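Counting in the numbering used here, the sequence shown runs from 1 upward without gaps.
Backbone N, C-alpha and C define an ideal beta-carbon position, used for all residues, glycine too.
Note that this is a predicted model, so its numbers are computed, not measured.
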Amino acid sequence: MNPLANRRLFLRQCLTWGATGSTAWLIACAGTKKQPVAKATAAATDPCSDLTGVDPTDVQKRKSLGYTNKSPLPDSQCDNCKLWVPAKEGKECGGCLLFTGPVNPEGHCTYWAPQV
Ligand code: SF4
Numbered sequence: 001m002n003p004l005a006n007r008r009l010f011l012r013q014c015l016t017w018g019a020t021g022s023t024a025w026l027i028a029c030a031g032t033k034k035q036p037v038a039k040a041t042a043a044a045t046d047p048c049s050d051l052t053g054v055d056p057t058d059v060q061k062r063k064s065l066g067y068t069n070k071s072p073l074p075d076s077q078c079d080n081c082k083l084w085v086p087a088k089e090g091k092e093c094g095g096c097l098l099f100t101g102p103v104n105p106e107g108h109c110t111y112w113a114p115q116v
């Protein structure tokens with residue numbers, strides 16, 4: 001089921017039973033809190049992997065270019081690529097001129113080109 005639909009159903013049940021003064025149901029509702037999804041956990045450990053809000057076309061583009069967060073070639077990383085967009089001050093992730101979304105400085109893709 002759609003996670004938003006689950007959340008709406010959960011809130012509706014809590015409000016309905018809370019309005020009738022049923023403490024037991026409120027406790028039961030509190031016990032059904034959903035666990036955070038694995039994607040959020042991955043984003044917390046590597047902010048450059050968080051593609052929340054990124055256009056699906058760009059997500060597909062980075063996949064088709066073989067983008068990876070860790071370059072298999074130590075001398076060919078995103079932060080020494082011609083298409084690299086440096087991270088803003090205080091930020092961990094930079095960007096790429098080919099697609100939107102966060103890019104790991106140690107990443108790599110098949111379009112890597114040396115800076116001149
Ligand atoms: S073109 Fe590829 S290697 Fe270069 S910055 Fe973009 S993602 Fe990284």
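So the candidates are 73, 109, 115; which of them puts its Cα closest to the Cα of residue 65? 109
Closest Cα partner of residue 81 within the set 46, 50, 96, 53: 96
Could you compute how far the alpha carbon of residue 59 sits from the alpha carbon of residue 112? 17 Å
Given residue 102, which residues of its chain have a CB within under 6 Å of its CB, disregarding the five upstream and five downstream residues? 48, 93
Could you name the residues that DSSP lists as bridge partners for residue 85? 95
Cutting at 6 Å between CB atoms, please list the residues of its own chain near residue 79, excluding the five before and the five after it. 105
May I ask you to report which of helix, strand or coil DSSP gives residue 59? helix
Can you pull the DSSP bridge partners for residue 103? 94
Can you check DSSP and say which residues form a bridge with residue 68? 108
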